Amino acid sequence: MAEDKELRYDPAAIEPKWQARWATDPKLYAAEPVSCGKPKYYVLEMLPYPSGQLHMGHVRNYAIGDALARHMWMRGYNVLHPMGWDAFGLPAENAALKNNTPPREWTLSNIAAMKRQMERLGLGYDWATELTTCLPDYYRWNQWFFLRMYEKGLAYRKKSKVNWCPECATVLANEQVVDGCCWRHEGTLVEQRDLVQWFFRITAYAQELLDGLDKLDGWPEKVRTMQRNWIGRSEGTEVDFFLDEEGDEETEAREQGIETREQGTDRQRIRVFTTRVDTIFGATSVQLAPEHALVASFTATSPELKAQVDELIEQQKKAREAGDLGAIEKHGVPTGRFAINPYNGRRVPIWVANYILADYGTGAIMSVPAHDERDFEFATKYGLPIAQVIQPEAPVLGVVLPFVSEDGVLVNSGEYDGLSCTEAQEQLQEIAERGAFGAGKVTFRLKDWGVSRQRYWGTPIPMIHCERDGLVQVPDNQLPVVLPAQIEITQQGGSPLGRVPEFVHTTCPRCGGPARRETDTMDTFVDSSWYFYRYTDARNANAPFDPKIAQYWFPIDQYIGGVEHAILHLIYSRFWTMVMRDLGLIVNDEPVRRLFAQGMVIKDGAKMSKSKGNVVSPDDMVARHGADAARMYSLFAAPPDRDLDWQEDGVAGVSRFLSRVWRLTVKYAPVARAGRGQQPTRQTGAPSGTSLRLLRKLHQTIAKITLDFEGRWHFNTCVAAIMELVNDIQAADAQLAAGEVGAPVVRELLRSLVLLLAPFAPYLAAELWEELGEAQGEYRSVLRAPWPVSDPELAKEDELEIPVQINGKLVTVVRVAADAGPKAIEAAALADGKVQSRTAGRTVVKVIVVPGKLVSLVVK
RNA sequence: GCGAGAGUGGCGGAAUUGGCAGACGCACCAGACUUAGGAUCUGGCGGGGUAACCCAUGAGGGUUCGAGUCCCUCCUUUCGCACCA
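In this text, residue positions in the first sequence follow the numbering used here: the first is 32, and each later residue adds one.
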C-alpha cells in the first residue's frame with residue numbers, strides 16, 4: 032500500500048503548491064497591451080459585495096467565467112479577466128454599529144478574506160487591475176462623473192416623494208423597492224417621504240435605452256423583456272378638459288353653439304393622458320388622483336370633501352406600502368365640479384379616485400367605462416353612465432361591454448363615426464394640436480434615478496452650498512472629496528456626514544466665503560455602473576481611463592452574473608455608457624455584447640441562504656474535496672443557465688472522477704513521455720484497433736467541447752464527455768498495460784485529456800501536465816498551451832449503427848460503412864433477418880433512408 | 001390577469017437540425033479484491049413480462065414514415081410584470 036501514495040489524488044497537496052507558484056507569476060493572468068496583435072476577449076463576472084464570505088453562487092459564477100477565460104487564453108486570445116469589490120454599502124455601517132469596527136477596516140479585511148478564497152479556488156484573475164470602489168482613487172471618478180453630469184443637466188436636485196426604508200434610514204431608488212419592501216430588508220415596508228434629493232436624468236435616455244434592447248441579441252430575452260417593462264413606454268395623447276366654472280345657462284347656450292365668451296381664455300384646464308383618444312366621445316367622467324394639484328384647491332373650501340380625499344390618500348398609501356397597488360379596492364368621491372370635453376363640449380363630472388396615480392402621466396384620466404375595464408368597474412360601482420363609442424368592425428349583436436379591443440370602428444362620435452380606431456386616434460390628435468388643447472405624448476414608466484443616500488459609507492456628492500452663490504461644484508482639482516475617517520456611526524436619522532463639522536464646513540470655491548458641503552452620499556449602484564471601464568486602465572491617476580484603451584476592450588464580450596441584476600445594475604450601466612459616450616469618452620453605445628444569466632444555487636428545494644440554514648461553505652468544500660472538484664461539480668450538476676441543485680454526494684462523485692484521471696495519467700505517464708516527438712497518425716506504427724478507437728473518441732470529445740465553448744455553454748455535458756473519454760481509456764487498461772497502444776498515441780490521449788480538463792480543473796491539469804513531461808519550453812504552463820484541435824478524419828467513425836423502423840417502430844439495428852450510400856443502407860436493412868421475418872408476405876410500400884441516421888419502412 | 005421558462009427513471013440531468021429516449025453522475029443491488037471499507041475494480045439498475053415482445057418523456061388530441069422535440073387544448077410549477085390610463 033505504501034507505493035500507492037503516488038497513485039492517490041491528493042488535492043490538499045497539489046493545490047497549495049500551484050497556488051504558491053502562480054502567485055509568483057503575475058503575468059500569468061495579465062492582459063497584454065493593446066498593441067499585442069492578438070484578438071481581444073473581455074470576459075467579466077459581476078463584482079461581489081465584500082461580505083466576508085464567498086457563497087456557492089459566487090463559486091458557480093466564477094467557475095463559469097474562469098473556464099471561459101482559460102479556454103480563450105488557450106485559443107490564443109488576449110484575455111482581460113479582472114476582479115474587484117463593490118465595497119461601499121450599508122452592511123459596513125451596520126457592522127460598525129455592532130462590532131465597533133470602522134467600515135473601512137471591516138470592508139478591507141473582508142476583501143482580504145474573500146480574495147484568499149478566490150485564490151484558493153484557483154481563479155485566474157489579473158490582480159494588477161483589482162478595483163476597490165470604496166477607495167478614493169476609485170470613487171473620485173464617481174465624483175468627477177457626477178460633476179460632468181451636473182454640467183450637462185443630467186444631475187439635478189428636486190423635492191419629491193421618495194421611498195424611505197426605516198431599516199436603512201435612507202432613501203431608495205424605485206428600482207430598489209421590491210413589492211413595497213426594501214430590496215435588502217424583505218418584510219420592511221418602504222415609506223413615502225418628501226425630501227430634496229439628487230437625481231440622475233436617466234429618463235433623458237429612456238427611448239435609447241428601449242431601442243438599444245432590440246440590438247442586444249446576445250442578451251437573454253428574459254432580461255430584455257424585464258427592461259422593456261421597466262422602461263414602460265406608452266404612446267398616447269394628452270388632452271385638456273376645461274374646468275367648468277360657468278353657470279348652467281352658459282353651458283346650455285354654448286352647447287347650442289352660442290359663444291358666451293372668448294375662446295381659450297384663462298379657463299382652467301385639466302390635462303389627462305390617454306392611449307385611447309379615439310374613445311373620448313365615450314368619456315363620462317374625469318378622474319383625478321387624490322394628490323392631484325387641483326384637488327387641493329377643491330378641498331380648500333370643503334372640509335367634508337377633504338376628509339373624503341384624505342381617506343383615499345390613506346388607502347392608496349397603504350396599498351403602495353403593501354406593494355399590491357393592483358389589488359386596491361376602487362373608491363372615489365364626486366367633487367361636485369364639472370369638466371368640459373373639448374371635442375364635443377359635453378359636461379362630465381369630476382371625481383377623485385384612489386386608483387389614479389399622481390406620479391404617472393398627468394395624474395388625471397378621462398374615464399371611458401364602455402372601453403376600459405377599470406373605468407367600467409368604477410362606473411358600475413358608482414352608477415356613472417356608460418356610453419359605447421366603439422363597435423366591432425363586423426357588428427355583432429349584443430356586444431359585451433367593456434369592449435377594449437382596438438379592432439373596431441367609431442360610433443356615437445359625431446363626424447368621426449365610421450373611422451377605425453387608429454385613424455381616429457391620428458385625426459383626433461391633430462385636431463387637439465390645432466386647437467391647442469392637446470398633443471401626442473409619449474409617457475415612460477421609468478423615473479429619474481434618485482441617487483442621494485443619507486448614509487456615511489458611500490461616495491460624497493461633490494457639491495457645496497454657499498450662502499451667497501447657492502449650489503457650487505467642487506472644482507476638479509479639489510477632487511476627491513474624501514470621506515472623513517473619524518466618524519461615529521449612530522442610528523440617528525439624517526446624513527451622518529452632517530455631524531462631522533470638519534467635513535461640512537468649507538469655503539465656497541467661487542467667493543471664498545463660508546459654505547457647507549453636501550452631506551448626502553451616492554447610491555452604491557453608481558460604483559458598479561462603470562467599474563468595468565476602469566479595469567481597462569485601473570491605475571490611471573489623471574482620468575477615469577484612457578479612451579483608446581477602453582475602445583480596444585469594449586464592448587465586454589461576455590458578462591456573467593445572476594439574473595437578479597437584470598434591471599438595477601444592468602439598466603444603470605447602460606445609461607452610464609450612453610452618458611460617457613455623449614461626453615466623448617467612449618465610442619460604444621452599449622457596454623455588454625453578450626450577457627449570461629446563470630441560475631441560482633438551490634439546496635433542499637430552496638435558495639441557499641443563512642435564514643434557511645442550507646448554506647454550503649466553499650471553504651468546507653475545498654477542504655473536503657479540493658477546489659477542482661468543487662468548481663467542476665458546480666459546472667457538472669446542471670447547465671449554467673438553470674438553477675443548480677446542490678448535492679453533497681455529487682461533489683464526491685466528481686472528486687472520484689478526478690482521482691480516476693489522476694491514477695490513469697500517473698500510471699501511463701512514463702509511456703506518454705516516451706512518446707514525445709512522434710505523430711500518432713494512422714500511418715505511424717500501424718495503430719491497433721484499440722488505438723484507433725481511443726483516438727477517435729478523443730477527437731470526437733475535442734470537437735464536442737470546442738463547439739460548446741463557442742456558444743452553447745453546456746459545460747455539464749462537456750464534463751460528461753470527458754468522463755466518457757476517461758471511461759473508454761480505462762476500459763482499455765488491459766491493452767494499454769500490454770503495450771498494444773503505441774507510446775505516441777498514449778501521449779496524445781493523455782496530453783489532450785489534460786488540456787481538455789484545464790479550463791475546468793486547473794490545479795489537476797497543471798500537475799498532470801508536469802507529470803506528463805509536457806511542461807517544457809513554450810508550453811511550460813498548461814494555461815499557455817494551445818487548445819487541442821479535433822482532426823475530423825480521426826473523429827469519423829468508419830462503421831455506423833443504423834436503426835431500422837417498420838411502420839414507425841424500431842425493429843433492429845444494422846451496421847454499415849460510414850460512407851455507405853442510400854442504396855447500400857437500404858439493401859443492408861432489407862437483408863436483415865428481423866426485417867425479413869417481419870416483412871414476409873407483406874408489401875413494402877415505402878422506404879425512407881436518411882444516410883447516417885436511419886431506415887424507415889412502411890409495410891402493408 | 002399578462003409575458004417568459006420549465007415539467008423526462010429513486011435523484012441531478014442527457015438527447016445541438018423531427019431520426020436508437022434515459023448519455024454522464026449520484027443513490028441502490030450483486031460480485032471481486034480485502035483483516036477492514038465511507039478505498040478500488042466488474043456487472044446490473046424506467047415499468048410490465050419466463051420470453052418473444054409490450055408500455056413509457058405532466059394530461060389529451062393533431063401533423064408526420066417517424067414527435068421528448070412541431071401544432072392545438074388543458075394541468076402543474078418557477079420567474080418577471082400587474083389598476084401605468
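C-beta atoms are modelled at their ideal positions from N, C-alpha and C, and glycine is treated no differently. Treat the numbers as computed from the prediction; the structure is a model and nothing was measured.
What residue range does the beta strand (DSSP E) around E360 cover? The sequence position of residue 360 within the first sequence is 329, counting from 1. Segment: none, E360 is in no beta strand (DSSP E) and carries neither H nor E.
Inter-residue Cα distance where the pair is E431 and F304: Your numbering for residue 431 matches position 400 in the first sequence. Your numbering for residue 304 matches position 273 in the first sequence. Strictly speaking, residue 431 in this sequence is Val, with Glu absent from that position. Rounded to whole angstroms, V431 to F304 spans 25 Å at the Cα level.
Minimum C-alpha distance to S19 - residue among H323, A516, I580, P853: Absent from the model: residue 19. The displayed extent of the chain is 32 to 891, so no value can be given.
Own chain, CB closer than 6 Å to A98, minus 5 neighbours either side, in chain order: Position 67 of the first sequence, counted from the first residue, corresponds to residue 98. Within the same chain, A98 has close Cβ partners P790, F791.
With 16 other Cβ atoms within 10 Å as the buried cut-off, status of R123: Along the first sequence, read from residue 1 onward, the residue named residue 123 stands at position 92. In the sequence under discussion, the amino acid at residue 123 is Ala, which differs from the Arg named in the question. Buried.
Have a look at V682 and V653 and give me their C-alpha separation to the nearest angstrom. Indexing the first sequence from 1 puts residue 682 at position 651. Indexing the first sequence from 1 puts residue 653 at position 622. Taking the straight line joining both Cα atoms gives about 10 Å.
Whole-angstrom Cβ separation of V399 and V383, contact assumed at under 8 Å? Numbered from its first residue, the first sequence carries residue 399 at position 368. Numbered from its first residue, the first sequence carries residue 383 at position 352. With a Cβ gap of about 18 Å, V399 and V383 do not count as contacting.
Suppose you measure from the CA of I396 to the CA of V317; what does that come to, to the nearest Å? Translated into the one-based positions of the first sequence, residue 396 becomes position 365. Translated into the one-based positions of the first sequence, residue 317 becomes position 286. Answer to the nearest angstrom: the Cα atoms are 6 Å apart.
R224: buried (16+ other C-beta within 10 angstroms of its C-beta) or exposed? Here residue 224 is taken as the residue at index 193 of the first sequence, counted from 1. With fewer than 16 Cβ atoms within 10 Å of its Cβ, R224 is classed as exposed.
Within the segment 174–216, ranges of the beta strand (DSSP E) (whole runs, at least 3 residues): 186–196, 201–203
Which of the three DSSP states, helix, strand or coil, is assigned to H745? In the first sequence, the residue the question calls residue 745 occupies position 714. Note: H745 maps to coil in three-state DSSP.
Whole angstroms is fine: what's the gap from T608's alpha carbon to I311's? Start at 1 with the first residue of the first sequence, and residue 608 comes out as number 577. Start at 1 with the first residue of the first sequence, and residue 311 comes out as number 280. Distance between the alpha carbons of T608 and I311 is about 41 Å.
From P670 to I520, what does the alpha carbon distance come to, in whole angstroms? The residue given as residue 670 occupies position 639 in the first sequence. The residue given as residue 520 occupies position 489 in the first sequence. Near 45 Å, if we compare the C-alpha coordinates of I520 and P670.
Separation of I833 from K884, as counted between CA atoms: Position 853 of the first sequence holds residue 884. Position 802 of the first sequence holds residue 833. One C-alpha to the other measures close to 6 Å.
Find the nearest neighbour of A159 within the set F585, A796, Y566, R704, judged by alpha-carbon distance. What you label residue 159 is simply residue 128 of the first sequence in a count that begins at 1. The residue with the shortest Cα to Cα distance from A159 is Y566.
Spatial distance of D117 from N375 (CA atoms): Here the question's residue 117 lines up with position 86 in the first sequence. Here the question's residue 375 lines up with position 344 in the first sequence. Their Cα atoms are separated by approximately 59 Å.
Taking 7 Å as the limit between beta carbons, can you name the residues of its chain near W229, skipping five residues before and five after? Taking the first sequence and counting its residues from 1, one reaches residue 229 at position 198. Counting only Cβ-Cβ distances below 7 Å, and skipping sequence neighbours, we find A186, R188, V482, S483, I492, D551.
Tell me whether A455 sits in a helix, a strand or coil according to DSSP, three-state version. On the first sequence, residue 455 is found 424 positions in, with the first residue counted as 1. In this structure, A455 counts as helix in the three-state DSSP scheme.
Across the segment 68–82 and the segment 104–118, are there enough close Cβ pairs to call them in contact, namely three or more that are closer than 8 Å? yes
Give me, in chain order, the residues of the same chain whose beta-carbon lies closer than 7 Å to that of I602; leave out the 5 immediate sequence neighbours on both sides. Here residue 602 is taken as the residue at index 571 of the first sequence, counted from 1. Cβ neighbours of I602 beyond the five flanking positions: L240, Q258, W261.
Out of R405, G392, A204, V379, which one is the CA nearest neighbour of H362? On the first sequence, residue 362 is found 331 positions in, with the first residue counted as 1. Among R405, G392, A204, V379, the Cα nearest to that of H362 is on R405.
For E779, which three-state DSSP category applies? The residue labelled residue 779 in the question sits at position 748 within the first sequence. Reduced to three states, the DSSP call for E779 is helix.
Mind checking which residues open and close the beta strand (DSSP E) that includes G96? Taking the first sequence and counting its residues from 1, one reaches residue 96 at position 65. Run containing G96: none in the beta strand (DSSP E); it sits in the alpha helix (DSSP H), 87–105.
Just list the beta strand (DSSP E) runs in the segment 290–354, keeping only unbroken ones of 3 residues or longer that don't cross its boundaries, in chain order. 300–305, 316–319
Give me the Cα-Cα distance between C664 and D438, rounded to the nearest whole angstrom. Translated into the one-based positions of the first sequence, residue 664 becomes position 633. Translated into the one-based positions of the first sequence, residue 438 becomes position 407. Reading off the sequence, residue 664 comes out as Tyr, not Cys. Using only the alpha carbons, I get a separation of about 54 Å.
Where E46 falls: helix, strand or coil (DSSP): Counting from 1 along the first sequence, the entry for residue 46 is found at position 15. Three-state DSSP puts E46 in a helix.
Under 8 Å between C-beta atoms of P527 and R486: Start at 1 with the first residue of the first sequence, and residue 527 comes out as number 496. Start at 1 with the first residue of the first sequence, and residue 486 comes out as number 455. Result yes, Cβ atoms of P527 and R486 sit closer than 8 Å.
Among all the DSSP beta bridges, which residues are the ones paired with K638? The residue you call residue 638 lines up with position 607 of the first sequence. Its beta-bridge partners are I633.
Does the separation of the CB atoms of D577 and Q456 fall below 8 Å? Here residue 577 is taken as the residue at index 546 of the first sequence, counted from 1. Here residue 456 is taken as the residue at index 425 of the first sequence, counted from 1. Contact: no.
Entirely within the segment 646–727 and at least 4 residues each: give me those alpha helix (DSSP H) ranges in chain order. 649–656, 658–667, 679–705
Coil, strand or helix - K884 by DSSP: Position 853 of the first sequence, counted from the start, is the residue given in the question as residue 884. DSSP places K884 in coil when its eight states are reduced to three.
Taking L795 as the reference, which of N758, R743, V692 has the closest Cα? Indexing the first sequence from 1 puts residue 795 at position 764. Residue V692 is the option with its Cα nearest to L795.
With 16 other CB atoms within 10 Å as the buried threshold, where does T256 fall? Taking the first residue of the first sequence as position 1, residue 256 is located at position 225. Under this definition T256 is an exposed residue.
Helix, strand or coil for Y487, going by three-state DSSP, please let me know. For the purposes of this step, residue 487 is taken as residue 456 along the first sequence, with counting starting at 1. It is coil, neither helix nor strand.
Coarse secondary structure for L788, derived from DSSP in three states: Position 757 of the first sequence holds residue 788. If DSSP states are grouped into helix, strand and coil, L788 belongs with the helices.
Taking only the alpha-carbon atoms, compute the straight-line gap between Q509 and L599 and give it to the nearest angstrom. Taking the first residue of the first sequence as 1, we reach residue 509 at position 478. Taking the first residue of the first sequence as 1, we reach residue 599 at position 568. Whole-angstrom Cα-Cα distance: 31 Å.
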